[in-house]
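> Sharing a structure below in structure tokens format, with a few things to ask.
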Amino acid sequence: MDEQLKHYCLMCPGPVNVSPRVLEAMVGCEIGHREEEFSQILCELRDNCLKVMGLSSDEYAVVCLTGSGSAGNEAVLCSAISATDSVLALYNGEFGRRLSEISSLYNPQTQYHEQPWGSKLDLAQVEALLASQHFDWVTMVHHETSTGELQPVEAVGALCKKYGAKLFVDAVSSFMADPLDISAANITMMTTSSGKAVGMVPGLALVVGKRREFERLSNFPARNYYLNLARHYKFHETLGQTPNTPAISLFVALNEALRIVVEEGVQERFKSQSHKVKRLRDGVRGLGLSLLHEDRDLSNAVSSICLPAGMSFEYLRTRLREQGYIVYGGKGPLQEKIFQVSTMGCIEDSDIDAFLAALELCLSARVTDKICC
Ligand SMILES: *Cc1c(COP(=O)(O)O)cnc(C)c1O
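For the sequence shown, the numbering used here gives the first residue as -10, with consecutive numbering after it.
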């Protein structure tokens, strides 16, 4: 294979390594999207998606869009939320901030509540805001990927219920890594994507929401053509199709990835994610490194690790890449403070152990070779 395209162990917070079974499903099909075969795949994919989330198809529905996770977020923010709705965007990291940025493009009445990145979301402040004026919608992320911390979605959902707001949650990087009870958390719309913990390549976004909310969408004037949820929902429901040419092979492969979760069992998947992340974190601590915010509700998907004193991210990234491992650096205020390692996707215990050995080599090379970094 072309040296440029060699296989890396993707320990970055997306994309992730994919199982051979999913890869085979992706390349093994040539079907048309206006054919019965595609409708069957789409139908099974939507059913499996609800199944793994423990939701009933009477109450909830799924739309699958060609595009990365942001396409799902933009679809909700431009078409489930109407132009006259007021929106409160809560954030304490990059991905929550992006929701507020997209919302501001479509919804003039978007206000945001920003807290320092990585600080615990202050529920008293959130409640004070909700009590001070009526908001139609609240937006937040479940797993703030940029810090690795889970956000108190259930508590915010309870506040939304109390003050009559709808809740939109970006669960892109927590879906199939950390449990989220959509119904108990009073979530109206939720998004995720193919390229994270479900274990598929990037390219598809899933929007899950209350069926009656999807049914109302066609009442709003369209503000975006390609990402208009009303169009997608209508095509899915009435024809078992998508309005435009979808990434057909990705639909087939995502369906296969969901089949695998259904076969394994959802609880087993969460257990395996939590086992892998513990193995990584124990190993990292064993090397004398520390995690950002040990005392928080950390996700099963991504670990934020403090950069060793005196080591630049670029040095660490390059040395790890030479050994076949891809990691990412910190964003915004966390740049040059942390690096991020994911344990999502098709990663075995042996990969984690080998990664830790590679990391140890980086740490010792710096000492013995006096490499300037
Ligand atoms: C990865 C991710 C997204 C989507 O990013 P894309 O670049 O569109 O794939 C959105 N939200 C969160 C929390 C994410 O981790």
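Just so you know, even glycine gets a beta-carbon here, dropped at the ideal spot from N, CA and C.
Keep in mind that this is a model prediction, so the values were computed, not measured.
When the Cα of M333 is compared with those of C38, Q262 and A50, which residue comes out closest?
Residue numbering aside, residue 333 sits at position 344 when the sequence shown is read from its first letter. Nearest of C38, Q262 and A50 to M333, Cα basis: Q262.
> Would you mind stating whether D167 and S288 have Cβ atoms separated by less than 8 Å?
Taking the sequence shown and counting its residues from 1, one reaches residue 167 at position 178. Taking the sequence shown and counting its residues from 1, one reaches residue 288 at position 299. In contact: D167 and S288 (Cβ atoms closer than 8 Å).
> Kindly provide the ranges of any alpha helix (DSSP H) runs that are 4 or more residues long and lie completely inside the segment 158 to 229, ordered along the chain.
Correct list: 200 to 205 and 218 to 228.
> Let me know the secondary structure DSSP gives L94 once reduced to three states.
Working through the sequence shown from its first residue, we reach residue 94 at position 105. L94: helix per DSSP, three-state reduction.
> Would you call K267 buried or exposed, if buried means 16 or more other Cβ atoms sit within 10 Å of its Cβ?
Reading the sequence shown from its first residue, position 278 is the one you call residue 267. Its Cβ having fewer than 16 others within 10 Å, K267 is exposed.
> Return the chain-ordered list of same chain residues with a C-beta closer than 6 Å to the C-beta of E103, the five sequence neighbours on each side being excluded.
Within the sequence shown, the letter at position 114 stands for residue 103. Once the five neighbours on either side are set aside, the close Cβ partners of E103 are Y80.
> Would you mind sorting N244 into buried or exposed? The rule is 16 or more other CB atoms within 10 Å of its CB.
By one-based count along the sequence shown, residue 244 stands at place 255. With 16 or more Cβ atoms within 10 Å of its Cβ, N244 is classed as buried.
> If you draw a straight line from the alpha carbon of L364 to that of S121, how long is it in whole angstroms?
There is no way to answer for residue 364, as the model of the chain reaches only from -10 to 362.
> Please name the residue, chosen from T136, D111, T177 and G107, that lies closest to T128 on a Cα-to-Cα basis.
Here residue 128 refers to the residue found at position 139 of the sequence shown. Comparing Cα positions, the closest option is T177.
> Quick check on the DSSP output: what are the complete beta strand (DSSP E) runs of length 3 or more inside the segment 311 to 343, in order along the chain?
Within the segment 311 to 343, the complete beta strand (DSSP E) runs of at least 3 residues are 327 to 331.
> Would you kindly report the start and end of the unbroken beta strand (DSSP E) that includes H22?
The residue you call residue 22 lines up with position 33 of the sequence shown. Premise fails: H22 is in no beta strand (DSSP E) and is neither H nor E.
> Do you know how far the Cα of D286 is from the Cα of I360?
Here residue 360 is taken as the residue at index 371 of the sequence shown, counted from 1. Here residue 286 is taken as the residue at index 297 of the sequence shown, counted from 1. Because I360 carries a pLDDT of 48, less than 50, the predicted location of this residue cannot be relied on, and the following value inherits that uncertainty. If I take the Cα positions, the gap works out to 36 Å.
> According to DSSP, is Y(-3) part of a helix, a strand, or is it coil?
Position 8 of the sequence shown, counted from the start, is the residue given in the question as residue -3. In this structure, Y(-3) counts as coil in the three-state DSSP scheme.
> What does DSSP give as the partner residue(s) for H132 in the beta ladder?
Residue mapping note: residue 132 aligns to position 143 of the sequence shown, counting from 1. L139, per the DSSP bridge assignment.
> Between T134 and ligand 1, is the CB less than 7 Å from at least one heavy atom?
Residue mapping note: residue 134 aligns to position 145 of the sequence shown, counting from 1. Because some heavy atom of ligand 1 lies under 7 Å away, the Cβ of T134 counts as near it: yes.
> Only counting the same chain, and skipping five residues up and downstream in sequence, which positions put a Cβ closer than 6 Å to that of G82?
Start at 1 with the first residue of the sequence shown, and residue 82 comes out as number 93. Hits under 6 Å: W106, E133, S135 and T136.
> L345 bridges to which residues according to DSSP?
Locating residue 345 in the sequence shown gives position 356, counting from the first residue. In DSSP, L345 forms no bridge with anything.
> Please find out if some non-hydrogen atom of ligand 1 comes closer than 7 Å to the beta-carbon of G3.
Sequence index remark: in the sequence shown, residue 3 carries index 14 (1-based). Yes, since a heavy atom of ligand 1 falls inside the 7 Å radius drawn around the Cβ of G3.
> When burial is assigned at 16 or more other CB atoms within 10 Å of the CB, is V16 buried or exposed?
Sequence index remark: in the sequence shown, residue 16 carries index 27 (1-based). Counting Cβ neighbours within 10 Å, V16 comes out exposed, since fewer than 16 surround it.
> My understanding is that H131 touches A160, with C-beta atoms under 8 Å, so please give their C-beta distance in whole angstroms.
Within the sequence shown, the letter at position 142 stands for residue 131. Within the sequence shown, the letter at position 171 stands for residue 160. Confirmed, about 4 Å.
> With H, G and I counted as helix, E and B as strand and the rest as coil, what does DSSP make of Q100?
Residue numbering aside, residue 100 sits at position 111 when the sequence shown is read from its first letter. Here Q100 sits in strand by DSSP.
> For C362, which of helix, strand or coil comes out of DSSP?
Translated into positions along the sequence shown, residue 362 becomes position 373. Its pLDDT being 42, under 50, C362 is placed unreliably in this model, and the coordinates cannot settle the point.
> Rounded to whole angstroms, what's the CA-CA distance from L216 to A60? Just pull it up for me.
Locating residue 216 in the sequence shown gives position 227, counting from the first residue. Locating residue 60 in the sequence shown gives position 71, counting from the first residue. If I take the Cα positions, the gap works out to 7 Å.
> Look at the alpha carbon of A14 and the alpha carbon of F240, and state the distance between them as a whole number of angstroms.
Indexing the sequence shown from 1 puts residue 14 at position 25. Indexing the sequence shown from 1 puts residue 240 at position 251. When rounded, the distance between both Cα atoms is 10 Å.
> Using only the alpha-carbon positions, how far apart do R270 and L280 sit?
Taking the first residue of the sequence shown as 1, we reach residue 270 at position 281. Taking the first residue of the sequence shown as 1, we reach residue 280 at position 291. Distance between the alpha carbons of R270 and L280 is about 8 Å.
> Please identify the residue among L169, S162, G277 and I249 whose C-alpha is closest to the C-alpha of N37.
Here residue 37 refers to the residue found at position 48 of the sequence shown. For the residues L169, S162, G277 and I249, the minimum Cα distance to N37 belongs to I249.
> Thinking C-beta only, is R205 closer than 8 Å to A72?
Within the sequence shown, numbered from 1, the residue matching residue 72 stands at position 83. Within the sequence shown, numbered from 1, the residue matching residue 205 stands at position 216. Going by C-beta atoms, A72 is not nearer than 8 Å to R205.
> If you draw a straight line from the alpha carbon of W439 to that of L156, how long is it in whole angstroms?
Because the chain is modelled from -10 through 362, residue 439 falls outside the range shown and cannot be assessed.
> Using DSSP's beta-bridge definition, name the partner residues of Y152.
Here residue 152 is taken as the residue at index 163 of the sequence shown, counted from 1. Paired residues: none, contrary to the question.
> So does the segment 41 to 56 actually touch the segment 95 to 102, counting three or more Cβ pairs closer than 8 Å?
No, the segment 41 to 56 is not in contact with the segment 95 to 102.
> Taking Cβ to Cβ, would you say S75 is nearer than 8 Å to F124?
Sequence index remark: in the sequence shown, residue 75 carries index 86 (1-based). Sequence index remark: in the sequence shown, residue 124 carries index 135 (1-based). Cβ atoms of S75 and F124: closer than 8 Å.
> Spatial neighbours of Y222 within its chain, please: C-beta separation below 6 Å, excluding the five flanking residues on both sides.
Looking up residue 222 in the sequence shown gives position 233. So the qualifying residues of the chain are V52 and F203.
> Give a single yes or no on whether T184 has its beta carbon closer than 7 Å to a heavy atom of ligand 1.
The residue labelled residue 184 in the question sits at position 195 within the sequence shown. The identity of residue 184 in the sequence shown is Gly, whereas the question assumes Thr. Yes; taking the cut-off as 7 Å, the Cβ of G184 has a heavy atom of ligand 1 nearer than that.
> Taking the alpha carbon of G277 as the point to measure from, which residue in K265, F259, H264 and A298 has its own alpha carbon closest?
Against the sequence shown, residue 277 aligns to sequence position 288. It is A298.
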